[in-house]
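Student:
Below, the structure written as structure tokens:
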């Protein structure tokens, strides 16, 4: 199961540690969701999601403030007995000393942010969804082409990296070469990233390793990109029938999500970069509601219908 240390979350979200006595690095968060512990504070612990990060906003904070010291102590003893990875106070709210002491005794870290509760929780969930999403590694190249994430796959040595380099020279951006880490952040979205070791590098046979960021500048690379389209390069087979219209989409599947896939046959003289650009723009047009193949099919059907009508008119004459 994927996990992330609470220390890394605190650094990313710029959280202040109110319990420095507790080591945040050793605490792992495994769920991307958060919980607002209003009902547990009121004594209702059934279905309490204790293994999530707990976020306290102004409502929960005001409720605790209305308690007597005895009521607060009893509530905190019960609440903090659960395996809570951490409690985050929003709006720069500070827990009282009793809350802090019991949290330290129970080993539950308290953190604080200046941000409003709604915006903070939305950003935290979005970031955790990416970091804790199911992840696989595939062999390929991921490039941002006109805002579309194009994953180029194929056998080793078929020309994926060369196509990516040409795309970069034409103004597009590299995400990763050779190894693509794919994360499923939702039922609709796959996000691709580069392993830290190979980030911004491309391997070109006969030349070696090329640092894209150093050669072409920071505008030639990006950290992450949604995977919108897969282009699978394969050797040309004269005996195989290739799709020449594209009326029906073909798909490939990663982590249960389907992605549109084009099988591109490779022959000497074919410009892979231009083919990738055309595929990306065509895919974008389809998302905007225009399908060139369907338009051609409609024109052909209308032409045939007109011809039939003309032939019927001639027969009547």
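In the numbering used here, the protein residues as written are 12 to 328.
Ideal Cβ placement from N, Cα and C applies to all residues, glycine included.
Bear in mind that the values here come from a model prediction, so they are computed numbers and not experimental data.
Have a look at residue 145 and residue 212 and give me their C-alpha separation to the nearest angstrom.
Tutor: Along the chain shown, read from residue 1 onward, the residue named residue 145 stands at position 134. Along the chain shown, read from residue 1 onward, the residue named residue 212 stands at position 201. So the two alpha carbons sit approximately 25 Å from each other.
Student: Could you check how far apart the C-beta atoms of residue 3 and residue 285 are, in whole angstroms? I think they sit under 8 Å.
Tutor: Look at the range of the chain in this structure, 12 to 328, and you will see that residue 3 is not part of it.
Student: Counting C-beta neighbours from all protein chains within 10 Å, is the total for residue 309 16 or more, i.e. buried, or is it exposed?
Tutor: Along the chain shown, one-based indexing puts residue 309 at 298. So residue 309 ends up on the exposed side.
Student: Measure the CB-CB distance between residue 17 and residue 68 and report whether it falls below 7 Å.
Tutor: Position 6 of the chain shown, counted from the start, is the residue given in the question as residue 17. Position 57 of the chain shown, counted from the start, is the residue given in the question as residue 68. In this structure, residue 68 does not lie closer than 7 Å to residue 17 by Cβ.
Student: Does the distance from the C-beta atom of residue 45 to that of residue 29 stay below 7 Å?
Tutor: To locate residue 45, count along the chain shown from 1; it is residue 34. To locate residue 29, count along the chain shown from 1; it is residue 18. Taking 7 Å as the Cβ cut-off, residue 45 and residue 29 do not qualify as a contacting pair.
Student: Which value, in whole angstroms, describes the spacing of the CA atoms of residue 150 and residue 190?
Tutor: As a position in the chain shown, residue 150 is number 139, starting the count at 1. As a position in the chain shown, residue 190 is number 179, starting the count at 1. Cα-Cα distance, rounded: 5 Å.
Student: Give every residue of the same chain whose Cβ lies closer than 8 Å to the Cβ of residue 170, excluding the five residues on either side of it in the sequence, and list them in chain order.
Tutor: Residue 170 sits at position 159 when you count from the first residue of the chain shown. Contacts found: 244, 277, 283.
Student: Just mark residue 184 as buried or exposed, buried being the case when its beta carbon has 16 or more other beta carbons within 10 Å.
Tutor: Within the chain shown, residue 184 is the residue found at index 173, counting from 1. By the neighbour-count rule (16 or more Cβ atoms within 10 Å), residue 184 is buried.
Student: Are there 16 or more other CB atoms within 10 angstroms of the CB of residue 161, so buried, or fewer, so exposed?
Tutor: Residue 161 sits at position 150 when you count from the first residue of the chain shown. Under this definition residue 161 is a buried residue.
Student: In the DSSP assignment, the alpha helix (DSSP H) including residue 86 goes from what residue to what residue?
Tutor: By 1-based counting over the chain shown, the position of residue 86 is 75. It spans 80 to 90 - the alpha helix (DSSP H) in which residue 86 sits, taken as one unbroken run.
Student: Count the CB pairs spanning the segment 131 to 139 and the segment 32 to 49 that are closer than 8 Å, and state whether there are at least three.
Tutor: Touching, yes.
Student: With a threshold of 16 other CB atoms inside 10 Å of the CB of residue 174, please say whether the residue is buried or exposed.
Tutor: As a working note, residue 174 is residue 163 in the chain shown. Buried, since its Cβ has 16 or more Cβ neighbours within 10 Å.
Student: Assuming residue 123 is part of the beta strand (DSSP E), what are its boundary residues?
Tutor: Taking the first residue of the chain shown as position 1, residue 123 is located at position 112. Residue 123 -> beta strand (DSSP E) spans 121 to 123.
Student: In the DSSP assignment, find the alpha helix (DSSP H) that holds residue 276 and state where it starts and stops.
Tutor: To locate residue 276, count along the chain shown from 1; it is residue 265. Here residue 276 belongs to no alpha helix (DSSP H); instead the beta strand (DSSP E) covers 268 to 277.
Student: Less than 7 Å separating the beta-carbons of residue 221 and residue 203?
Tutor: The residue you call residue 221 lines up with position 210 of the chain shown. The residue you call residue 203 lines up with position 192 of the chain shown. No; because the gap between Cβ atoms is not below 7 Å, this pair is not in contact.
Student: Which of the three DSSP states is assigned to residue 161 in this structure?
Tutor: Taking the first residue of the chain shown as position 1, residue 161 is located at position 150. Three-state DSSP puts residue 161 in a strand.
Student: Identify, in the order they occur along the chain, each residue of the same chain with its Cβ nearer than 6 Å to the Cβ of residue 15, setting aside the five sequence neighbours on each side.
Tutor: Counting from 1 along the chain shown, the entry for residue 15 is found at position 4. 40, 142, listed in sequence order.
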